[in-house]
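Worksheet: the structure to be examined is printed underneath.
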Amino acid sequence: MRVEEAGLSRWLLEALRREGIETFYPPQAEALERGLLQGRNLVVSSPTASGKTLIAIMAAHRHLEIGRKILYLTPLRALTYEKSVEFKRLLGENGPGYRVVAVSGDYDDPGEWIGSNDVIVSTYEKADSLVRHRARWLSGIGLIVVDEAHMIGDPERGPTLEMTIAKLLETLDSPQILCLSATVRNTRDIAEWLEAVPIESDFRPVPLREGVLQGGRIFFSDGETRVLRGSGDPLTALVLDCLMDGGQVLVFALTRRKAESYAERLAQSLSSLNFPGESGRERLEEYSRRVLEEAESPFAERLAALVSRGTAFHHAGLGH
């Protein structure tokens, strides 16, 4: 489905085109076909990077145009900040100027000041606090988005999230609810509870292949094997092999210390190979300066030094 066929407002169409979006991914198209813009409740289960956030933005723009607010729930402070940036870019900076705020922590604050915003991106626990404080602006919510909805089944945080959703549905005037997840297993059970339409898709814009690295060779789950072109220890060799194909690499580490150690080790290898070239280094230097401008801490200083060399780390010790 092409974007102009969806019945979106002109300003959102223009914003999507500026982002290079001309056609919808299958999960996005199915959500539109199943009543996304008509206020239907949906539970969307599809892989990472399959366009779930855009589904939420399309639903949000309809409610915003009639003066209703959006409440977007996430499990993490970092994700709250990330989603608020996405909404600001499409609905604020490149749209009609809707006001977007990210909120978390400070559970004693009744949060009345938050009501001056149009889109409120909140952690689960902060939303629970706002509901318990009976923030008056909650009555203006037209759309509730639950990101990482599989957390409903989490033994520790699930009950709080479930109760928050239940209280919102009980007190608000027929809000639309949209649940998003890449890993939820009981899509249909959640959909039945919320009187929603389940949408399940295995679409991935970039195919995911599983493999095991042993002895300098990758053994893929489909039976194919390939010899690494990179050199050095296994991690470095694998990263360099991916970079040779023009890709990006995300490495998961067991601890904060290991995350920083891996980033430093890879930065040394990239420097010896003159990566990423003169023009790329100028861009990385700019990113490095921005890191230092936005945060002052030993972590930020180390991160900025690594960013200038083509690597980075992230863990709970960082502010964003």
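Residues in the sequence shown are numbered from 1 upward in steps of one, following my numbering. Glycine included, each C-beta is placed from N, C-alpha and C at the ideal position.
Among the options, nearest to residue i - alpha-carbon criterion
| i | options | result |
| --- | --- | --- |
| VAL197 | ALA15, GLY39 and TYR25 | GLY39 |
| GLU82 | ASP109, VAL101 and ARG68 | VAL101 |
| LEU90 | GLY111, LEU76, MET58 and ALA78 | MET58 |
| HIS61 | GLU19, LEU12 and MET244 | LEU12 |
| GLY111 | TYR98, ARG134, GLN268 and LEU235 | ARG134 |
| GLY51 | THR164, GLU156 and GLU200 | GLU200 |
| ARG217 | LYS88, VAL227 and ALA191 | VAL227 |
| TYR25 | LEU54, VAL239, SER308 and GLU93 | LEU54 |
| ASP109 | GLU93, SER116, LYS126 and PRO96 | LYS126 |
| LEU130 | THR164, SER269 and ARG290 | THR164 |
| ILE120 | ALA56, ALA259, ARG157 and THR236 | ALA56 |
| SER116 | ASP128, TYR107, THR187 and ARG136 | ARG136 |
| LEU292 | GLU282, THR80, CYS242 and ALA305 | ALA305 |
| THR80 | GLY92, GLU93, PRO96 and GLY105 | GLY105 |
Classification of residue i by the beta-carbon crowding that lies within 10 angstroms, buried from 16 upward
| i | result |
| --- | --- |
| ILE66 | exposed |
| VAL44 | buried |
| HIS315 | exposed |
| PRO205 | exposed |
| TYR98 | buried |
| TYR72 | buried |
| LEU250 | exposed |
| PRO155 | exposed |
| ASP202 | exposed |
| GLN28 | buried |
Reduced DSSP category for residue i - H, G, I as helix; E, B as strand; rest coil
| i | result |
| --- | --- |
| ARG226 | strand |
| VAL321 | As displayed, the chain neither begins before 1 nor continues past 320, which places residue 321 out of reach and without an answer. |
| THR123 | strand |
| GLU210 | coil |
| VAL307 | helix |
| GLY51 | coil |
| THR160 | helix |
| VAL184 | coil |
| ALA78 | helix |
| TYR287 | helix |
| ALA135 | coil |
| GLU33 | helix |
| PHE313 | coil |
| LEU196 | First, the residue type needs correcting, since residue 196 is Ala and not Leu in the sequence shown. Coil at ALA196, not helix or strand. |
| SER46 | coil |
| GLY7 | coil |
| ILE21 | coil |
| TYR107 | coil |
Residue i and residue j closer than 8 Å at C-beta
| i | j | result |
| --- | --- | --- |
| ASP118 | LEU172 | no |
| PRO159 | TYR124 | no |
| SER221 | GLY211 | yes |
| ALA182 | SER271 | no |
| ASN41 | LEU194 | yes |
| LEU266 | VAL239 | yes |
| GLY7 | LEU37 | yes |
| LEU168 | ALA149 | no |
| SER308 | SER288 | yes |
| ARG302 | GLU260 | yes |
Within-8 Å CB hit, residue i to chain C
| i | result |
| --- | --- |
| GLU33 | In summary, chain C is missing from the structure at hand, where a single protein chain is found. |
Integer Cβ distance of residue i from residue j, believed to fall under 8 Å
| i | j | result |
| --- | --- | --- |
| SER122 | VAL146 | The pair is not a contact, with the Cβ atoms about 11 Å apart (cut-off 8 Å). |
| PHE299 | GLY317 | 5 Å |
| ILE144 | PRO175 | 5 Å |
| LYS69 | ILE141 | 5 Å |
The ligand ATP heavy atom lying under 7 Å from the CB of residue i
| i | result |
| --- | --- |
| PRO96 | Within the structure as shown, the ligand ATP is missing, as the structure has no ligands at all. |
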